[in-house]
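Participant: For reference, the structure I am asking about is given below.
Protein chains in written order, with my numbering: chain A, 1 to 411; chain B, 1 to 664.
Following this line, the structure appears as structure tokens:
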């Protein structure tokens, strides 16, 4: 598949060069790429799910390695894997159901059961279901003791699958069915990612009251939609936007907000503490939400969160479901961060003699630190608003568990 | 008097003793603490600070017992008794001054004149009444003076300058408003006869004039003035008949004074408190008060146009368009007669934003005042003290128009006015000018330059090898500390945190790197990223209020907060002359707004279209706060010229080294 391979490489390059910014855009691109990977993946007759999983995983690893800081990529890959496993399981259970209802052929489960004829089928379906179940089962002592379930299942199905011609025909249709379902699921995921803004924005009216003063940082489309949704519902309120110094994302957001008729005031980042005492709510868009309820956001968020905590101002984080990361962070300030070019802070040439590593003793006199992200520990967050509603930071781990399979956490 | 001061003095000393323990090396107690006598006494005993070499460890919080001071005072007052030879008629001059300068504090003047013309009765009740009236006036005029230093001032001065006036009151009656006579004319013998006795009495009161005293004085003044008026009106024809009536009137105030002073003892403690309260400077002008703003505008030199998009939360602060008036102003630098060109220059520098840093602003202003005083000549028919103070007030209001004063500048101006007020009246004009200039020079040397050196000495003890020090923005004291620590061979690393729009940190960075310090540069958003490796935070200050609130460059509070969250000690370096009696809780009520365009303009490198393009949209505002206030809880220690103290000790320092002591 040279075409898929080349698109993957192209996307990897884009990620590596940080051409794609924003977790939503990245998530969208990733999931579209994975869809094409899945659709072009030639699936073997047997054990289609694992083949698909392997293919997605292989691509996913490349993507994650290309930009490990962009957690949305990993999240989406895990989501797709989860979809594959789910579809496989549902197919298997459907096959089991079909087995039980073999005579009652009025089952309208996508005409799946019409193919279920012949003696050899039963054994194949049972094996597939068993394999599917064992893969979907969360890791437990039993599965560990049983050894690798897939390898155990594969020879069995293949041996039974090689029995007759008619069965292979059935199989290919089942395979196509699986792939079809998976792609359906992925399409659903794409829609979900695209529509998360609306889902979140719908809740705005519940959280913003009249004459509220809201502080926000960075440029997040989710926040923009959220605020505008409240504005459309005839709430009048005032927004303070912190400019987000080296990148001035705040200016972009402010411009958008003003274009939509909101009262907007741009403040310097340093004035966050000064202004927070007059702010009723801090609303930020997350870059990623970790399983412990910690948030990775644009740089400066931690400062705002601390100030909000100090003044007992609610600190609300908006996050689409593709931003929910199933990992628990360790030292996220450093490990999940990214240092950008010093030229954003100091002009080129201004301190060139000091920045030079080659000159003098070899270590530069001057270092410029320009991180991109900031980590907010869960105890500073008051509320998460996702497309499924509002949640406490302490609940995030459970919410996240709904979206991912335990097997995929480590890729 | 000593007995009266006794109860106050004892607890003071004890409290200070507690704070002394913070700073372990109590050597030389500051002698000029005990000198609250006449100004010349100080000039002769040159300050200990200026005498001691900079490297020497100068003792911090060590306050000599007050008993000593009051003894000194008595001695000083006795010694100084001949010094203030009364100049006749200052009160009348003052009044004339007010009318000359056409400053309309009109609502108050009628009351005054009414009181003045009505025959003052000799009993205490009336004086009580009028006293309270004056109390009103005082607070009002103080407010006024705060808002338009030009206008309110005469009132304040009149009330505020009782020390000179008290000795002169009696003689004042002899000269009418238009006379500019230095020698007492001695038209009325009885008055002249009572003069010495009265003078002595008032000398003893002079050191600490309470409200009651002032009341008595004003009572006397008023009577005197009424007499003078009477004289003036009748002088034309029947001067011989007028005289007896006048002298009869003049005797009344003399009777008043002992009565009031006898009741002083009860009132003393209360009045001291009252005075303290009143001495706290009034808040800045509130710019959401339309009528006052209009009044102020009419008088202003700088034609500021109000910015189109005001931030609603800050309507009480001036929000002007920047930069458009500078060319016209700079063109008429030498044509302007009301404002000295040196002051004008400093004002324009402020307007253009060329001066930054509280110390340099303050020093520039004081130097300009020095120059202005040097070039000053008392106009005929005027009194140096009054006229010069008026001049200085004009300068100050001009400077305020250019840019709101910092707290430290306010303190320095108060010092200068204090000095002018305390000028011995018998000094000739050149002497007075020289004395003022040298006082200003001494203030700069002692309170700013030497204080910085002392702070450096203290702070350097807190820097150890291998430390990572974080500093925010540009503070010249912090710079000196870092450079000195580097000079004496400490190995450490500096993190310079900077913020838009001024990017002052780059200036510091340049200087540090030039001297070979190992630096890390970052912006304020990343402060929580970098704070993990920092071991100490050094911050500069614009002012520290008496509730321990640090008022400093905007962003300081953020840095201190993050440092606090990371359990990194925060050390604030601040000269004691910047301490202020006011209290502040947030950054909104009292602040300064910078140029909003500075925020709107982002570096061109960013290719995206920014909000600048929407400049004229009424929904979009840019808020460029200049200062913020850091709560005391984030500050671990304050290094000042009196030593290293916790923020809770600020009110103690402010109180113990109160204005007289701090700024004398």
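C-beta: ideal position from N, C-alpha, C; glycine also.
Going along chain B, which residues have a C-beta under 9 Å from residue 369 of chain A?
Facilitator: In chain order: 495, 520, 521, 522, 523, 526, 529 and 530.
Participant: Does residue 499 of chain B come within less than 8 Å of chain A when only Cβ atoms are used?
Facilitator: Chain A, which has a Cβ nearer than 8 Å to the Cβ of residue 499 of chain B, makes this yes.
Participant: DSSP on residue 236 of chain B, reduced to helix/strand/coil?
Facilitator: Note that residue 236 of chain B scores 42 on pLDDT, short of 50, meaning its location in the model is unreliable; the coordinates nonetheless yield the value given after this. Correct three-state label for residue 236 of chain B: coil.
Participant: Mapping the DSSP letters down to three states, classify residue 256 of chain A as helix, strand or coil.
Facilitator: Residue 256 of chain A falls in the helix class under three-state DSSP.
Participant: Go through its chain and collect everything with a Cβ distance to residue 277 of chain B's Cβ below 6 Å, but skip five positions before and after it.
Facilitator: Caution is warranted here: a pLDDT of 47 is assigned to residue 277 of chain B, below 50, making its placement in the model unreliable, and the coordinate value is therefore given only provisionally. Taken in chain order, the list of residues that qualify is empty.
Participant: Which residues mark the beginning and the end of the beta strand (DSSP E) in which residue 382 of chain B is found?
Facilitator: Here residue 382 of chain B belongs to no beta strand (DSSP E), and DSSP marks it neither H nor E.
Participant: Considering only residues of the segment 244 to 331 of chain A, which uninterrupted alpha helix (DSSP H) runs meet the minimum length of 4 residues and lie entirely inside it, listed in chain order?
Facilitator: The qualifying runs are 249 to 259, 272 to 276 and 301 to 310.
Participant: May I have a chain-ordered list of the beta strand (DSSP E) segments no shorter than 3 residues that lie completely inside the segment 520 to 591 of chain B?
Facilitator: The qualifying runs are 536 to 540, 543 to 545, 550 to 553 and 570 to 573.
Participant: Determine the chain B residues that contact residue 18 of chain A at a beta-carbon separation under 8 Å, and present them in chain order.
Facilitator: Neighbours of residue 18 of chain A on chain B: none; closest Cβ ~15 Å, over 8 Å.
Participant: Roughly how many angstroms lie between the CA atoms of residue 283 of chain A and residue 273 of chain A, to the nearest whole one?
Facilitator: So the alpha carbons of these two residues sit roughly 15 Å apart.
Participant: For residue 593 of chain B, I'd like the list of residues in its chain whose CB is within less than 8 Å of its CB, leaving aside the five on either flank, ordered along the chain.
Facilitator: Once the five neighbours on either side are set aside, the close Cβ partners of residue 593 of chain B are 311, 314, 317, 318, 319, 623, 624, 625 and 626.
Participant: Does the distance from the C-beta atom of residue 389 of chain B to that of residue 420 of chain B stay below 8 Å?
Facilitator: Against a cut-off of 8 Å, the Cβ pair of residue 420 of chain B and residue 389 of chain B comes out as a contact.
Participant: At 8 Å on the CB atoms, spell out the chain B contacts of residue 365 of chain A, in chain order.
Facilitator: Those within 8 Å of residue 365 of chain A in chain B are 513, 516, 517, 518 and 519.
Participant: Would you kindly work out how many angstroms separate the C-alpha atoms of residue 372 of chain B and residue 338 of chain B, rounded to a whole number?
Facilitator: In a straight line, the C-alpha of residue 372 of chain B is about 11 Å away from that of residue 338 of chain B.
Participant: Compute the beta-carbon to beta-carbon distance between residue 289 of chain A and residue 317 of chain A, rounded to the nearest angstrom, for a pair I have assumed lies under 8 Å.
Facilitator: 7 Å between Cβ atoms; contact.
Participant: Comparing alpha-carbon positions, which option in A:38, A:16 and A:20 lies nearest residue 3 of chain A?
Facilitator: Comparing Cα positions, the closest option is A:38.
Participant: Per DSSP, which one or two residues make a beta bridge with residue 371 of chain A?
Facilitator: Note: residue 371 of chain A sits in a beta bridge opposite A:339.
Participant: If you draw a straight line from the C-alpha of residue 212 of chain A to the C-alpha of residue 300 of chain A, how long is it?
Facilitator: Roughly 22 Å between the two C-alpha positions.
Participant: Could you compute how far the alpha carbon of residue 639 of chain B sits from the alpha carbon of residue 575 of chain B?
Facilitator: If I take the Cα positions, the gap works out to 8 Å.
Participant: Using a threshold of 8 Å, state whether the C-beta atoms of residue 476 of chain B and residue 524 of chain B are closer than that.
Facilitator: No, these two residues do not count as a Cβ contact at 8 Å.
Participant: Is the beta carbon of residue 546 of chain B less than 8 Å from the beta carbon of residue 646 of chain B?
Facilitator: Their beta carbons are not under 8 Å apart, which means residue 546 of chain B does not touch residue 646 of chain B by this criterion.
Participant: Span of the beta strand (DSSP E) holding residue 495 of chain B?
Facilitator: Here the beta strand (DSSP E) through residue 495 of chain B covers 492 to 498.
Participant: When the Cα atoms are used, what is the spatial distance from residue 515 of chain B to residue 482 of chain B?
Facilitator: So the alpha carbons of these two residues sit roughly 10 Å apart.
Participant: For residue 583 of chain B, count the other beta carbons within 10 Å of its own beta carbon; 16 or more makes it buried, fewer makes it exposed. Which is it?
Facilitator: Residue 583 of chain B should be labelled exposed.
Participant: State whether the segment 39 to 57 of chain A contacts the segment 74 to 84 of chain A, with contact taken as three or more CB pairs (one from each stretch) at a distance under 8 Å.
Facilitator: With the cut-off at 8 Å, the segment 39 to 57 of chain A and the segment 74 to 84 of chain A touch.
Participant: Nearest by alpha-carbon distance to residue 231 of chain A: which of A:287, A:261 and A:397 is it?
Facilitator: Ranking A:287, A:261 and A:397 by Cα distance to residue 231 of chain A puts A:261 first.
Participant: Give me the Cα-Cα distance between residue 151 of chain A and residue 87 of chain A, rounded to the nearest whole angstrom.
Facilitator: Summary for residue 151 of chain A: the model assigns pLDDT 43, below 50, so the residue's position carries little reliability; its value from the coordinates is reported in the next sentence. Whole-angstrom Cα-Cα distance: 20 Å.
Participant: If we count Cβ pairs, one from each stretch, closer than 8 Å, do we get three or more for the segment 228 to 247 of chain A versus the segment 324 to 331 of chain A?
Facilitator: Cβ pair count under 8 Å is below three, so no.
Participant: Tell me whether the segment 183 to 193 of chain A and the segment 208 to 224 of chain A touch, counting them as touching only if at least three CB pairs, one residue from each stretch, are closer than 8 Å.
Facilitator: Contact between the segment 183 to 193 of chain A and the segment 208 to 224 of chain A is absent, because fewer than three Cβ pairs lie under 8 Å.
Participant: Can you confirm whether residue 283 of chain A, when its beta carbon is compared against all beta carbons of chain B, has any partner nearer than 8 Å?
Facilitator: Not an interface residue.
Participant: Are the segment 456 to 474 of chain B and the segment 525 to 544 of chain B touching, with three or more C-beta to C-beta distances below 8 Å?
Facilitator: At 8 Å Cβ cutoff, the stretches touch.
Participant: What do you reckon, are the CB atoms on residue 455 of chain B and residue 366 of chain B nearer than 8 Å?
Facilitator: Contact flag unset, no.
Participant: Taking the continuous alpha helix (DSSP H) assigned at residue 452 of chain B, which residues delimit it?
Facilitator: Taken as a continuous stretch (DSSP letters only), the alpha helix (DSSP H) holding residue 452 of chain B covers 451 to 460.
Participant: Do the CB positions of residue 215 of chain A and residue 275 of chain A come within less than 8 Å of each other?
Facilitator: In contact: residue 215 of chain A and residue 275 of chain A (Cβ atoms closer than 8 Å).
Participant: Going straight from the alpha carbon of residue 519 of chain B to that of residue 508 of chain B, what length do you get?
Facilitator: Going by the C-alpha atoms only, they are around 10 Å apart.
Participant: Output, in chain order, the set of chain A residues within a Cβ distance shorter than 7 Å of residue 622 of chain B.
Facilitator: Chain A residues near residue 622 of chain B: 266.
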